[in-house]
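Peer 1: Quick one: this structure, given as structure tokens, is what I'll be asking you about.
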Amino acid sequence: MKIAQENEAFEVSARDIFKDISRYRESDFSAEKDEHEIHDFHRSVLEGFKVGQKKILLELQQLQGRSKETQQELKIARQKRNKELVEEILIKVKTIDYQESIFKNLADSVAWQMVNGEHYLYRRLYTGEEGVKDLLDKSFEYVIDFSDQVNADPDAFCLISDITNNIQLGDCLITDKKA
Numbered sequence: 000m001k002i003a004q005e006n007e008a009f010e011v012s013a014r015d016i017f018k019d020i021s022r023y024r025e026s027d028f029s030a031e032k033d034e035h036e037i038h039d040f041h042r043s044v045l046e047g048f049k050v051g052q053k054k055i056l057l058e059l060q061q062l063q064g065r066s067k068e069t070q071q072e073l074k075i076a077r078q079k080r081n082k083e084l085v086e087e088i089l090i091k092v093k094t095i096d097y098q099e100s101i102f103k104n105l106a107d108s109v110a111w112q113m114v115n116g117e118h119y120l121y122r123r124l125y126t127g128e129e130g131v132k133d134l135l136d137k138s139f140e141y142v143i144d145f146s147d148q149v150n151a152d153p154d155a156f157c158l159i160s161d162i163t164n165n166i167q168l169g170d171c172l173i174t175d176k177k178a
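Numbering that gives the first Met the number 0 numbers the first residue of the sequence shown as 0 and each following residue consecutively.
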């Protein structure tokens, strides 16, 4: 029962984040827009990115905490040679990995929009680096603080690269009025 509730909460959260990062879907593109309307639209999109990033970051941090706990449980179950429990925990591990992947893919969709779907730009930001960044590390808070400072500007957005799968170059991907 608990697993079903967690899966339902995950699905609700993922849908909520998707709505935040794709606010432009509500816009009417059939009519000409003046400069003020375009500026308001741009701000609305960036605000959705900011809200979505905060939610993604929170979800990924919670999942990393659960992942660490689950890895400890797995280690203990293996030491006790409890095959049934090991299989049950491995399912939890796969579920957590899947959920992390979904949230990171949502962040990747933000990055894709930030580079206007330019595949050659997006590809340059991927280095093939292996491993997982620790979002619970104290030093990561500096990246969050920097991102919050940039995101205080309504015409700018700073995407934290560690919450994505494909942006591996640098700590942040930033867009503002100039770019």
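Yeah, the Cβ is synthetic: ideal placement off N, Cα and C, and Gly gets one too. It should be emphasised that the depicted structure is a prediction, and the values quoted were computed from it without experimental measurement.
1. Just to check my reading of the structure: residue 149 and residue 166 have Cβ atoms closer than 8 angstroms, yes? What is that Cβ distance to the nearest angstrom?
2. What's the C-alpha gap between residue 87 and residue 115?
3. On the DSSP bridge list, what partners appear for residue 158?
4. Less than 8 angstroms between the CB atoms is what I'm expecting for residue 20 and residue 109, so what's the real figure, rounded?
5. Assuming residue 175 and residue 152 are in contact, meaning their beta carbons sit under 8 angstroms apart, how far apart are those beta carbons, in whole angstroms?
6. Nearest to residue 160 by CA position, among 6, 133 and 69, is which residue?
7. Should residue 126 go down as buried or exposed, given a rule of 16 or more other Cβ atoms within 10 Å for buried?
8. Please look up how many angstroms separate the CB atoms of residue 164 and residue 103, rounded, as I've assumed it's under 8 angstroms.
9. Tell me where the alpha helix (DSSP H) around residue 6 begins and ends.
Peer 2: Reading it off the structure:
1. Walking along the sequence shown from the start, residue 149 turns up at place 150. Walking along the sequence shown from the start, residue 166 turns up at place 167. In fact, because the Cβ distance is near 15 angstroms, the residues do not count as touching under 8 angstroms.
2. Position 88 of the sequence shown holds residue 87. Position 116 of the sequence shown holds residue 115. Each residue's alpha carbon lies about 42 angstroms from the other.
3. One-based indexing of the sequence shown puts residue 158 at position 159. Answer is 172, bridged to residue 158.
4. Taking the first residue of the sequence shown as 1, we reach residue 20 at position 21. Taking the first residue of the sequence shown as 1, we reach residue 109 at position 110. About 5 angstroms; that satisfies the 8 angstroms criterion.
5. Your numbering for residue 175 matches position 176 in the sequence shown. Your numbering for residue 152 matches position 153 in the sequence shown. About 7 angstroms; that satisfies the 8 angstroms criterion.
6. The count along the sequence shown starts at 1 and reaches residue 160 at position 161. The option with the nearest alpha carbon to residue 160 is 133.
7. As a working note, residue 126 is residue 127 in the sequence shown. With fewer than 16 other Cβ atoms within 10 Å, it is exposed.
8. Within the sequence shown, the letter at position 165 stands for residue 164. Within the sequence shown, the letter at position 104 stands for residue 103. That belief holds up - the Cβ atoms of residue 164 and residue 103 are roughly 4 angstroms apart, short of 8 angstroms.
9. Along the sequence shown, read from residue 1 onward, the residue named residue 6 stands at position 7. Note, residue 6: alpha helix (DSSP H), 1-20.
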